[in-house]
Amino acid sequence: MVSPQITNLAIILVMMQLAKKVPFEDPDVLMLVRGVYVLSNVIILAVNLYTQAKINSKKDMTTLKYVEPAAMGTGEEGKPVTTTNMDYDKGQVRQMFRTQLMGVGMMAVMHFYFKYTNPLLIQSIIPLKGAFEANLVKIHLFGKPATGDLARPFKASGGFMSQGQPKSDKASIENAEKNYRGGVKEE
Numbered sequence: 005m006v007s008p009q010i011t012n013l014a015i016i017l018v019m020m021q022l023a024k025k026v027p028f029e030d031p032d033v034l035m036l037v038r039g040v041y042v043l044s045n046v047i048i049l050a051v052n053l054y055t056q057a058k059i060n061s062k063k064d065m066t067t068l069k070y071v072e073p074a075a076m077g078t079g080e081e082g083k084p085v086t087t088t089n090m091d092y093d094k095g096q097v098r099q100m101f102r103t104q105l106m107g108v109g110m111m112a113v114m115h116f117y118f119k120y121t122n123p124l125l126i127q128s129i130i131p132l133k134g135a136f137e138a139n140l141v142k143i144h145l146f147g148k149p150a151t152g153d154l155a156r157p158f159k160a161s162g163g164f165m166s167q168g169q170p171k172s173d174k175a176s177i178e179n180a181e182k183n184y185r186g187g188v189k190e191e
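Each residue of the sequence shown is one higher than the one before, starting from 5 at the first, in our numbering.
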């Protein structure tokens, strides 16, 4: 299967070439592109809300233990986390909402303040594609089993500032629970 990053890059390159041919000076065309962008974000919002509703209806109270990686640059150990699948999924959905809101905010600034129109086309497709590729959507919307790459805690996508992967093996959890101070000051 082709990596999502590769397909995103291909979409961006194709859409950049297509955007050169779109007459954004025509107010009707500009309103149509804005409408497509708004429709894309409404679909993403609907997918996220439906996923949240499915999480709430399932009420999966299975205990989930993992070690949250320490912040990048600190020499600290990871923090042990004990939660339920439902609470973990709710946190992931909140992150999906936050990501969408940040994208819309940045696009609003770029479009209305800096008067960029070309990114409207790209941002109508890439976030929509990302919403349907999200692990929670695959589990709760498409009904795929939460095993392999879809097992909780989800692997973080390797980015420039990523802080590492959560660990869910028994040895890492026991080691973190034994060594984690939980905010107690040393004197």
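Quick reminder that beta carbons are idealized off the backbone N, C-alpha and C, glycines included.
With fewer than 16 other beta carbons inside 10 angstroms of its own, ASN60 counts as exposed. DSSP places VAL6 in the coil class of the three-state scheme, outside both helix and strand.
Looking at the DSSP output, PRO84 sits in a beta bridge with VAL71. The residue from PHE101, PHE28 and GLU81 with its alpha-carbon nearest to that of LEU124 is PHE28.
C-alpha of ALA74 to C-alpha of GLY168: approximately 8 Å in a straight line. Between the alpha carbons of PHE146 and LYS58 lies a distance of about 11 Å. If you look at SER128, you'll find it in the alpha helix (DSSP H) that goes 123-137. When rounded, the separation of the alpha-carbon atoms in LEU34 and MET110 is 18 Å. A buried status is given to GLN56, since no fewer than 16 other beta-carbon atoms sit within 10 Å of its beta-carbon.
THR103: member of the alpha helix (DSSP H) spanning 89-112, first to last residue.
The criterion of a C-beta distance shorter than 9 Å is not satisfied by ALA180 and LYS119. Between the segment 122-141 and the segment 37-51 there are three or more C-beta pairs closer than 8 Å, enough to call the two in contact.
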